[in-house]
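Data first, discussion second: the structure below is written as structure tokens.
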């Protein structure tokens, strides 16, 4: 095994290495020392992949047949944009004219997902992408984005970032795309899946194509359930250790419990246990990673055949510069860091490995070794334990744990610093969107265009002072119709063509204190003046629901959807103009109006009052916008309703609420002065135990009860009297009470129901033995309470 001293030289993705040395078999106390003898750990390497894995081609074009780059590639000038070597095509010289591959000539393109050729495939709408898919295949990928002209395939969205539900972040930045499947990653170590092979600076072969992906015996599973941290453990350790644990999750254990757990030997493989017990024994083991679970902890039945955990099904991968636990040979799970193959020593690079393998740096021993996803699971914060004893391996393991914890915190600090810088950078400008001047139609929605003969004609004249103006008597303006330049008698002097001419007052985007980005006018605006048109993508109700659902799945909370008619909704989220930045207010200075422009209904924003220059422009979202739900409102208006989508309070309602509030405060103050605080017992009157109790609201009743003892699932609503005040026979008003339980009796049923007990003559019902109605411990509680009550009565 090769060892190398390690040091981190910077916060970048590169790592400094020094003191290279070869030392096979030297580190006898490390998991990698004898791992070279483990044949199952080593696979022969594809030399062509190995060569490509550590060199960066100047050209980012790759032959689609041999999957290698080079200078003698010829591009197909058809729709696929693929490149080929002449020799791979069986050609000796360049063909005359344009070269078009056989797929483009026949129109039989294979689906990039399922690899089945046909004419029913569609090309990605991104220019120069050239990938074809069946619609059913591409819809399986959550990273695919469907637009009016088609779809953007998953290779334009980072698979790692999409796991964080941030589609905007996932679709921006430089991507490295897999040559064989619809997977792409950002080019940094934080996103690229460990075990991928780099073909060029923009192309890779992802770890999904590892030979082990179809080999069910490659994973070495942990011997405990990831949910409750119990599982197939060696019998000598199981009973005394786990009987004292109140488990929730392996990742939630404290350090001492986790230290105990890490000393336990783990089961050798999932397949071994499955074959022996047919259904995996007591643990359900993932076939792709070390995760193990109890089926009952996942609330599922034991499945037949191979099974993968949710993370593996979702495509979650390990990344470079990630701290992990690694299992090699007969050694315990050992902390290590996943390294980028290009940053490890050359002698480590030359060791045997395959696609899907990645080098790890073992803490403590400072060895390197090539492993795969089946032998690794992530280290989490606080995942630290300490070895007992003074043997060499325990000293090394203790050192490894300390180094792993320190390195984990370093990487965490780097990541948080990078995220903080990114957030600060993004806060300087609004989130990106495409600026458009007019509505863009999506799907089945159509823009109506009226015939000139159908457009209403007003009675304004060119000689008027302000023909069709704000203060004129223009019939079209009154009916919220925009005049047509070819129909209006005022001609070029017509002042009722604000939508068509886009006559917007100058405004600027600003950052508000609590409401994100807003819009502020640069000049004064008169009451009733046209401010802006609300434009965006015109979608129908079905598309609107799909977008809202997709937004919720991706944790998007900002919506820009505004209803025009039932099946015409403007979504200004992806595309729009400055009007999309106007914030909500319960006391706005603008309002939305539906105007008919050339036969089509459009939405404009008009001033409700005179607005001075420098004032923020707002309108009321109430009943106009979709997707807000009950979002808290921060408009600061006196009549603020508190939530978006809720009507603002009228002056009368606000006054009544204020009066009611003041009356309640006065009543509370008066009550505090006149009524002493009632004291209740701190144990349940039914079972005698303490805990979370429900108090009786009847005056002078100190009794309290557990919800379970009352056969209730939740606390009773409003004022509540306990069962002690109701006859146990007829539920009438009780006059005689058992002093040891909640049983009581009315006048009609009290005769013979209660008898004196041996405990100082206190009355008890037939549920108790008069000689010993309750335990001595419970009696001491009751006696103490009764004595305190008697002393209180004497004092009064």
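In full-length UniProt numbering, the protein residues as written are 1 to 796.
Quick reminder that beta carbons are idealized off the backbone N, C-alpha and C, glycines included.
When we look at the beta-carbon of residue i and count the other beta-carbons within 10 Å, is it buried (16 or more) or exposed?
i, result
"residue 121", "buried"
"residue 83", "buried"
"residue 246", "Bear in mind that the predicted position of residue 246 carries a pLDDT of just 31, short of 50, making it too unreliable to give a figure here."
"residue 700", "exposed"
"residue 435", "exposed"
"residue 322", "buried"
"residue 319", "buried"
"residue 705", "buried"
"residue 409", "exposed"
"residue 476", "buried"
"residue 712", "exposed"
"residue 609", "exposed"
"residue 366", "buried"
"residue 561", "buried"
Would residue i and residue j be called neighbours here (beta carbons separated by less than 8 angstroms)?
i, j, result
"residue 113", "residue 142", "no"
"residue 613", "residue 522", "yes"
"residue 206", "residue 183", "yes"
"residue 744", "residue 720", "no"
"residue 78", "residue 63", "no"
"residue 759", "residue 736", "no"
"residue 199", "residue 290", "no"
"residue 637", "residue 583", "no"
"residue 502", "residue 437", "yes"
"residue 528", "residue 495", "no"
"residue 324", "residue 397", "no"
"residue 283", "residue 228", "no"
"residue 131", "residue 155", "yes"
"residue 611", "residue 524", "yes"
"residue 538", "residue 445", "yes"
"residue 487", "residue 455", "yes"
"residue 570", "residue 541", "no"
Whose CA, out of the options, lies closest to the CA of residue i?
i, options, result
"residue 395", "363, 588 and 374", "363"
"residue 708", "227, 691, 313 and 99", "691"
"residue 196", "720, 582 and 340", "340"
"residue 767", "748, 442, 506 and 740", "740"
"residue 493", "448, 472, 613 and 288", "472"
"residue 774", "686, 345, 566 and 753", "686"
"residue 348", "334, 331, 326 and 371", "371"
"residue 447", "431, 564 and 416", "564"
"residue 606", "589, 554 and 211", "589"
"residue 137", "717, 554, 124 and 643", "124"
"residue 442", "566, 150 and 312", "150"
"residue 374", "367, 407, 336 and 326", "326"
"residue 756", "750, 749, 210 and 765", "765"
"residue 115", "179, 105, 581 and 482", "179"
"residue 500", "512, 533 and 474", "533"
"residue 109", "189, 81, 85 and 87", "81"
"residue 799", "190, 146 and 134", "The chain is shown from 1 up to 796; residue 799 falls before or after that span and cannot be answered."
"residue 552", "634, 345, 164 and 228", "164"
"residue 106", "96, 97, 117 and 98", "117"
"residue 576", "603, 95, 550 and 557", "603"
"residue 312", "380, 368 and 193", "193"
"residue 504", "368, 617, 746 and 763", "617"
"residue 517", "458, 530, 566 and 431", "431"
In the DSSP assignment, what are the bridge partners of residue i?
i, result
"residue 335", "325"
"residue 178", "204"
"residue 584", "619"
"residue 632", "643"
"residue 757", "DSSP lists no partner for residue 757."
"residue 83", "63 and 75"
"residue 599", "In DSSP, residue 599 forms no bridge with anything."
"residue 441", "538"
"residue 197", "205"
Does the ligand PLP have a heavy atom nearer than 7 angstroms to the CB of residue i?
i, result
"residue 643", "The ligand PLP is not part of the structure shown, which contains no ligands of any sort."
Would you verify that the beta carbon of residue i is, or is not, closer than 8 angstroms to some beta carbon of chain B?
i, result
"residue 483", "Absent from the structure: chain B. Only one protein chain is present."
Q: Return the chain-ordered ranges of every alpha helix (DSSP H) run that is complete within the UniProt domain "PHD-type" (681-728) and spans a minimum of 4 residues.
A: none
Q | alpha helix (DSSP H) runs contained entirely in the stretch 467-511, provided each spans 4 or more residues | A | 475-478 and 498-501
Q: Output the residue ranges of the beta strand (DSSP E) runs that lie fully inside the stretch 99-126 and measure 3 residues or longer, sorted by chain position.
A: none
**Q.** Secondary structure, alpha helix (DSSP H): runs of 4+ residues fully inside the stretch 521-555
**A.** The stretch 521-555 contains these whole alpha helix (DSSP H) runs: 541-553.
Q | Runs of beta strand (DSSP E) wholly within the stretch 354-427 (minimum 3 residues, chain order) | A | The qualifying runs are 358-362, 368-371 and 376-378.
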